[in-house]
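Participant:
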Amino acid sequence: MNNCEGFWNCISPDAWITSSGTLTGAFLGAFIAGMITLIANKKMMNGQEKLRKRDKDDYFRIIAQQFIDQFELVDSMIQMVVETGFEEKRTKETGISISEKVKNIDAAVDIKIMNPADYKLLYKLLEGHRYISYELIYLSNERPPNAEVINIIRKELSNTLAQLKDRVMKKS
């Protein structure tokens, strides 16, 4: 048995080479495995994001298509009321009908499933129609509805509806 002077002097050169090779191999192996895991994770997250976006687009397309016809019907109801000179009974009935349609549309839309830009279009349509129904139901007791304001709002809502249709066509 050899006596060594200190621990570090007792290790043979081949043990140093073997130890350093083992450590280097373990480090490289862990590094490569970590990089592969990161790349795979990133691809998986991108794939999930694409699926989420596609699901949101599909949901928007379905919801928007269902309600485009209803928004057009509401617009024709408003046009009829304006053309009849805001006859009191017809005005209130139309306002109530518009209010009910807006409530049904709003209840059917799930904001959590939609992209914010898509919801913004639907929200703008809903709020415009809410204001018109409020004007027709409640404010008509105090004064006749302002046809100019309603026509300005209708024009803005028509533009928004056209944007909604364009967005639905782009996502198809």
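Numbering (my numbering), first residue to last: 2 to 173. We put the CB at the ideal spot given by N, CA and C, even for glycine.
#1: Check whether the Cβ atoms of Asn116 and Lys57 sit closer than 7 Å, and answer yes or no.
#2: Would Tyr139 be called buried (16 or more neighbouring beta carbons within 10 Å of its own) or exposed?
#3: I need the straight-line Cα distance from Glu136 to Asp167, nearest angstrom please.
#4: Looking at Ser134 and Ile99, is the spacing between their C-beta atoms short of 7 Å?
#5: Any chance the region 119-133 sits against the region 57-66, with 3 or more Cβ pairs inside 8 Å?
#6: Taking just the CA atoms, how far does Ile114 sit from Leu52?
#7: Taking the alpha-carbon positions, what's the Gly96 to Ile40 distance?
#8: According to the neighbour-count rule (16 or more other Cβ atoms, all chains shown, within 10 Å of its Cβ), is Gly48 buried or exposed?
#9: To the nearest angstrom, report how far apart Leu158 and Leu127 are at their CA atoms.
#10: Go ahead and label Lys210 buried or exposed: buried means 16 or more other beta carbons lie within 10 angstroms of its beta carbon, across all protein chains shown.
Facilitator: Checking against the coordinates, here is how it stands:
#1: yes
#2: exposed
#3: Near 29 Å, if we compare the C-alpha coordinates of Asp167 and Glu136.
#4: Against a cut-off of 7 Å, the Cβ pair of Ser134 and Ile99 comes out as a contact.
#5: yes
#6: Each residue's Cα considered, the two are about 12 Å apart.
#7: The alpha-carbon atoms of Gly96 and Ile40 are separated by roughly 57 Å.
#8: exposed
#9: 9 Å
#10: Residue 210 is absent from the model: the chain starts at 2 and stops at 173.
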